[in-house]
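K.L.:
In UniProt numbering, the protein residues as written are 1 to 274.
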């Protein structure tokens, strides 16, 4: 058995197939861990979702901001981003089933025997592992509730929740949890989330902003962290126990796969359009 962790696929299904072929991935034997944003900018969001859904127990998936945005689009809360290639997915006969499957996916997956935590964007430095687990479970409860659209999805973009406060309402805590785990990049000096700067850490000249993974964090002291989301980082994190797996395949770069057991990185370049 092998554990493979893959960064943001973003509908780049052909590249996913190729990188999995390089390692002879076998779903009857191996497990594929996906760091969120399965869909959106690439041409094959529909087969990507179908593939992970049929993998069942051989796949461990976390939700990314694009996956949550799809729920908002299907619920008529948001319009399709013109940059996304979602027409085939939105017109698919099994769209309802795919959305139902997505709602069951958490914001965090753990591999306890190896102390690995995977989320889409990272983990808030001020949280311990118990706080992370309890907050993630509460969001999962909200996503699987019958009223998830009016109670959570419809309010996901309307509540300003960029700072952690355990004393605010459950909804505000849920929105902060979603924002931190699916949208986080830089933090302000007070620990608040910055949603504006998408540059790489080396390109950002604002002394008041710090990459979340450079902050002293409780969880990173005891766990290996795996995340995607931040393509401009291009996998370059100066820490032995943090793996940044989004390497911008949908932007013309490459898809990254991490084989945990051998600590090996395998890549697949973006295919050129014919």
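Heads up, the beta-carbon is just placed ideally off N, CA and C, and yes, glycines get one too. Please read these numbers as outputs of a predicted model, since none were measured by experiment.
Roughly how many whole angstroms lie between the Cα atoms of residue 114 and residue 55?
P.N.:
Distance between the alpha carbons of residue 114 and residue 55 is about 22 Å.
K.L.:
If you draw a straight line from the C-alpha of residue 155 to the C-alpha of residue 142, how long is it?
P.N.:
Those two C-alpha atoms are separated by around 12 Å.
K.L.:
Enumerate, from N- to C-terminal direction, the unbroken beta strand (DSSP E) stretches of 3 or more residues contained entirely within the segment 118-196.
P.N.:
Qualifying beta strand (DSSP E) stretches, in chain order: 186-188.
K.L.:
Give every residue of the same chain whose Cβ lies closer than 7 Å to the Cβ of residue 52, excluding the five residues on either side of it in the sequence, and list them in chain order.
P.N.:
Result list for residue 52: 34, 38, 59 and 61, in chain order.
K.L.:
Where residue 117 and residue 136 are concerned, what is the direct C-alpha to C-alpha distance, given to the nearest angstrom?
P.N.:
Going by the C-alpha atoms only, they are around 12 Å apart.
K.L.:
Buried or exposed for residue 194, going by 16 or more other Cβ atoms inside 10 Å?
P.N.:
Buried is the call here.
K.L.:
Using C-beta distances below 8 Å, list every residue in its chain close to residue 92, excluding the 5 sequence neighbours before and after it, in chain order.
P.N.:
If we look at residue 92 and ignore the five residues flanking it on each side, its Cβ neighbours are 46 and 98.
K.L.:
Are residue 266 and residue 80 closer than 7 Å when you measure CB to CB?
P.N.:
No.
K.L.:
By a C-beta neighbour count over all protein chains shown, 10 Å radius and 16 as the cutoff for buried, is residue 231 buried or exposed?
P.N.:
So residue 231 ends up on the buried side.
K.L.:
With DSSP as the reference, label residue 87 as helix, strand or coil.
P.N.:
Residue 87 falls in the helix class under three-state DSSP.
K.L.:
Name the residue from 161, 256, 75 and 222 whose alpha carbon lies nearest to the alpha carbon of residue 241.
P.N.:
When only C-alpha atoms are compared, the closest one is 222.
K.L.:
Grab me the residues of residue 185's own chain with a C-beta within less than 6 Å of its C-beta, minus the 5 sequence neighbours each way, in chain order.
P.N.:
These residues qualify, in order along the chain: 230.
K.L.:
Using DSSP with H/G/I as helix, E/B as strand and the rest coil, what is residue 62?
P.N.:
Coil, per DSSP.
K.L.:
What number of angstroms, rounded off, separates the C-alpha of residue 204 from the C-alpha of residue 94?
P.N.:
Spanning the two alpha carbons is a distance of roughly 42 Å.
K.L.:
Does the segment 204-216 come into contact with the segment 119-132, if we say contact requires no fewer than three beta-carbon pairs (one atom in each stretch) closer than 8 Å?
P.N.:
Yes, they touch.
K.L.:
With the cut-off set at 7 Å, would you say residue 102 and residue 147 are in Cβ contact?
P.N.:
No; because the gap between Cβ atoms is not below 7 Å, this pair is not in contact.
K.L.:
Please confirm whether residue 256 and residue 7 have their CB atoms less than 7 Å apart.
P.N.:
Taking 7 Å as the Cβ cut-off, residue 256 and residue 7 qualify as a contacting pair.
K.L.:
Roughly how many angstroms lie between the CA atoms of residue 90 and residue 63, to the nearest whole one?
P.N.:
Between residue 90 and residue 63, the C-alpha separation is close to 18 Å.
K.L.:
For the beta strand (DSSP E) containing residue 271, name the first residue and the last one.
P.N.:
From DSSP, residue 271 is part of no beta strand (DSSP E); its letter is neither H nor E.
K.L.:
Are residue 139 and residue 171 closer than 7 Å when you measure CB to CB?
P.N.:
No. Outside cutoff.
K.L.:
Can you grab the Cα-Cα spacing for the pair residue 189 / residue 210, in whole Å?
P.N.:
Each residue's Cα considered, the two are about 7 Å apart.
K.L.:
When DSSP builds the beta bridges, which residues end up paired with residue 258?
P.N.:
The partner list for residue 258 (beta bridge, DSSP) reads 5 and 265.
K.L.:
Could you tell me the alpha carbon to alpha carbon distance between residue 196 and residue 177, rounded to whole angstroms?
P.N.:
Each residue's Cα considered, the two are about 18 Å apart.
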